[in-house]
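Q:
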Amino acid sequence: AVLHDHQDMYDLLISEWRARKDAHQWAEPDVCITERPNRKGQRCLALAAAKASAEMFDHALTATGEVIWQHGKTTFTLYPVDGLDDGPHSAMAYIIGKGRHELLNLPRIRRLLQSKWETFGRRSLWTRLLKHLVLLAAFQVGITLPRASIDWGSPAGPLAGLGFFGLLRVACEAVVVGHTLLKLVIEGKEMRSQGLRNYFGVGG
């Protein structure tokens, strides 16, 4: 139903599941049929984000909403983040990974992105930018200052004869090397969790 944009069939399957879920204890009645992943780990919303039309995705997103209160023409609906933006197999991951820019223009997706930006996105951006500027400055200073030799046999200590600029270069090089090692550890963990094909963007 999702792949072929059959919205009526999608609604019918959900209503039939709700009507018969108590009679099929073996089929995990507490897990909605739309939340059961396929062999690729995609739930209905994620599958719609990856391959279905914008109308079908919007319809599947609407089906996840829970009406909290309604007064006249005003309705307050709560949309869960689970399945929409909760990990590598979420709908948002497929929207970004598959380049589904038309889905980003949907009003509810735009509000979600705006909320994320205002809550922690802006702060995260400036924090990362500041870290990269500090790293770039350390790298630039480290390669600009003249190389100083360390005398390991000096009775005053190996760093005694470096002077201020020599110590500054050593400190900058230590910052760059430390950041590189930390980055390698982080990328190694991500590669191990995602696998080589998904990490390099050649997964199915």
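Position 198 (the sequence shown) corresponds to 198 in full-length UniProt numbering; numbering is contiguous.
Even glycine gets a Cβ: it sits at the ideal position worked out from N, Cα and C.
Just so it is clear, the structure is predicted and the values come from calculations on it, not from any experiment.
1. Where does V31 sit, in a helix, a strand or coil, going by DSSP?
2. With a cut-off of 8 Å, do at least 3 Cβ pairs link the region 129 to 136 to the region 94 to 114?
3. Let's test the definition: count the other Cβ atoms within 10 Å of the Cβ of A19 and tell me whether it reaches 16, buried, or not, exposed.
4. Considering only the alpha carbon of each residue, which of S90, I14 and R192 lies closest to A48?
5. Could you check the C-alpha separation between C32 and K189 for me, to the nearest Å?
6. How is T62 classed by DSSP in three states: helix, strand or coil?
7. How many angstroms separate the CA atom of D5 from the CA atom of L61?
8. Note down the Cα distance separating G204 from D85, rounded to an integer number of angstroms.
9. Is Q70 helix, strand or coil by DSSP?
10. Report the option in H59, W126, L167 and G41 whose CA atom is closest to the CA atom of P146.
11. My assumption, with CB atoms under 8 Å, is that C44 sits in contact with V81. Please give the rounded CB distance.
12. Are the beta-carbon atoms belonging to V170 and L162 less than 8 Å from one another?
13. Return helix, strand or coil for A137, following the three-state DSSP convention.
A: Concretely, from the data shown:
1. Here residue 31 corresponds to residue number 31 of the sequence shown, with the count starting at 1. Reduced to three states, the DSSP call for V31 is coil.
2. no
3. By 1-based counting over the sequence shown, the position of residue 19 is 19. The residue in question, A19, is exposed, as its Cβ has fewer than 16 Cβ neighbours within 10 Å.
4. Start at 1 with the first residue of the sequence shown, and residue 48 comes out as number 48. Ranking the options by Cα distance to A48, first place goes to S90.
5. Against the sequence shown, residue 32 aligns to sequence position 32. Against the sequence shown, residue 189 aligns to sequence position 189. About 32 Å.
6. Counting from 1 along the sequence shown, the entry for residue 62 is found at position 62. It is helical.
7. Within the sequence shown, residue 5 is the residue found at index 5, counting from 1. Within the sequence shown, residue 61 is the residue found at index 61, counting from 1. Taking the straight line joining both Cα atoms gives about 13 Å.
8. Against the sequence shown, residue 204 aligns to sequence position 204. Against the sequence shown, residue 85 aligns to sequence position 85. Low confidence applies to G204: its pLDDT is 42, below 50, so where it sits in the model is not reliable, and the reading given next is rough at best. Distance between the alpha carbons of G204 and D85 is about 20 Å.
9. Sequence index remark: in the sequence shown, residue 70 carries index 70 (1-based). It is a strand residue.
10. The sequence position of residue 146 within the sequence shown is 146, counting from 1. That would be L167, whose Cα lies nearest to the Cα of P146.
11. Position 44 of the sequence shown, counted from the first residue, corresponds to residue 44. Position 81 of the sequence shown, counted from the first residue, corresponds to residue 81. About 16 Å; that fails the 8 Å criterion.
12. Here residue 170 corresponds to residue number 170 of the sequence shown, with the count starting at 1. Here residue 162 corresponds to residue number 162 of the sequence shown, with the count starting at 1. Contact: yes.
13. The sequence position of residue 137 within the sequence shown is 137, counting from 1. In the structure shown, A137 sits in a helix (DSSP, three-state: H, G or I).
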